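Residue numbers (full-length UniProt numbering), protein chains in the order written: chain S, 1 to 139; chain X, 1 to 139.
All C-beta atoms, glycine included, are put in the ideal place defined by N, C-alpha and C.
As the structure is a prediction and not an experimental result, all values here were calculated from the model.
Protein chains: 2
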Amino acid sequence: MTQTAPSILARRIQEAGLRLTAPRRVILQVLDSADDHPDVEELHRRAQAIEPGISIATVYRTMNALTEHGLIERQRFDDGRMRYEAVPEEHHDHFIDVETGEVVEFRSDEIERLQQDIARAHGFEIVSHRLDIFVRRKR
Amino acid sequence: MTQTAPSILARRIQEAGLRLTAPRRVILQVLDSADDHPDVEELHRRAQAIEPGISIATVYRTMNALTEHGLIERQRFDDGRMRYEAVPEEHHDHFIDVETGEVVEFRSDEIERLQQDIARAHGFEIVSHRLDIFVRRKR
DNA sequence: TCTTTAATGCGACTAATTCGCAGTTGAAAC
DNA sequence: GTTTCAACTGCGAATTAGTCGCATTAAAGA
């Protein structure tokens with residue numbers, strides 16, 4: 001039987017006390033090989049391509065479980081759909097190309113620091129934040 | 001007849017070639033006196049309080065028209081609902097109190113400038129951006 | 001192998017928003 | 001002031017993204 005290379009997430013899902021089922025194995029494989037920010041419909045499409053019969057409800061439930069256990073990160077971009085990405089080593093923000101929809105990650109320690117300063121000045125402590133910069137490629 | 005003070009938006013809506021109808025007059029009045037970030041349901045509730053019978057579909061359509069003509073600004077917060085605010089004189093970002101849901105506006109020229117620098121370094125030009133900082137009040 | 005209970009697929013449901021349509025009404029033209 | 005007509009309205013039905021209940025299946029520990 002052609003056994004696919006075990007997903008990096010596979011062990012983490014079991015460590016989290018979740019069951020490693022057949023549909024999940026497929027979804028994890030999809031997530032592992034994704035380097036973009038797919039929405040549920042796209043994940044479902046990719047999972048179906050590997051193994052037809054996987055229900056979209058299962059994709060939703062699996063993504064919720066992964067999110068709740070901190071194994072994946074969920075974002076809602078302005079189109080209103082939930083999108084997912086691997087939990088980043090380090091926090092980052094996003095450039096979103098308004099023409100192509102492409103998402104590029106970046107990080108600025110200086111911006112992070114400024115946010116801390118401003119929040120402190122307002123008497124707040126930061127829980128999290130999110131910066132999306134909508135851009136167009138210069139030419 | 002008790003005629004309310006004409007909305008600031010009322011003239012702008014006509015300049016934009018849109019009709020100033022009775023339901024719109026009410027909605028504009030609500031918008032003028034709002035200093036928060038209401039969603040459509042809330043706008044509808046407030047409009048109903050002034051003039052019952054206004055349909056929520058009309059609120060949706062009016063807000064879309066206003067947004068398309070740049071008379072109001074629309075944002076989708078993480079709960080998935082659309083929220084609205086007057087077009088700001090100057091761009092600002094948001095603190096969102098995770099405990100109360102309160103939204104506080106702020107602005108940092110330094111952050112704005114840094115964003116420009118980083119975008120330029122990536123070969124992008126900025127179309128717009130959005131920064132939400134989720135906070136908790138320090139005590 | 002047995003048992004327990006989480007996970008699955010299905011279809012029905014919900015919430016936010018849009019749309020089709022027939023009737024109404026601003027406001028420009030008479 | 002009246003006429004005209006497309007823009008606007010209210011209604012309810014449709015759409016979209018996501019959730020849920022339920023009967024069934026299947027991980028995985030004993």
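As the crow flies, the alpha-carbon of Gly53/X is around 53 angstroms from that of Ala22/S.
Collapsing the DSSP output to three states places Asp32/S in a helix.
Contact note: Val104/X reaches chain S through His122, Phe124, using a C-beta cutoff of 9 angstroms and chain order. Within its own chain, no residue has a Cβ closer than 8 angstroms to the Cβ of Gly80/X once the five positions on either side in sequence are excluded. For His37/X, the closest C-alpha among the options Lys138/X, Val135/X, Val104/X is that of Val104/X. For Ala22/X, the nearest beta carbon of chain S is not closer than 8 angstroms to its own beta carbon. Under the three-pair Cβ rule at 8 angstroms, the stretch 24-38 of chain X counts as touching the stretch 6-15 of chain X.
Boundaries for Glu90/X: no alpha helix (DSSP H) harbours it, and the DSSP string shows neither H nor E there. Its Cα nearest to that of Leu43/X, the residue Ile27/X stands out among Glu51/X, Ile27/X, Arg76/X.
Each residue's CA atom was taken as its position, placing Ala49/S and Ser108/S some 38 angstroms apart. In terms of beta-carbon proximity, Ile111/S lines the interface with chain X, with at least one pair separated by less than 8 angstroms. Between the stretch 96-103 of chain S and the stretch 109-123 of chain X there are fewer than three inter-stretch CB-CB distances shorter than 8 angstroms, so the stretches are not counted as touching. For the 8 angstroms CB-CB criterion, Ile133/S and Gln115/S do not form a contact. A distance below 8 angstroms separates the beta carbons of Tyr84/X and Ile72/X. Beta bridge pairing from DSSP links Asp117/X with no other residue.
Between Arg137/X and Phe77/S the beta-carbon gap is near 28 angstroms, outside 8 angstroms, which marks them as no contact.
For Glu68/S, the closest of Arg24/S, Leu18/S, Leu131/S by C-alpha to C-alpha distance is Leu18/S.
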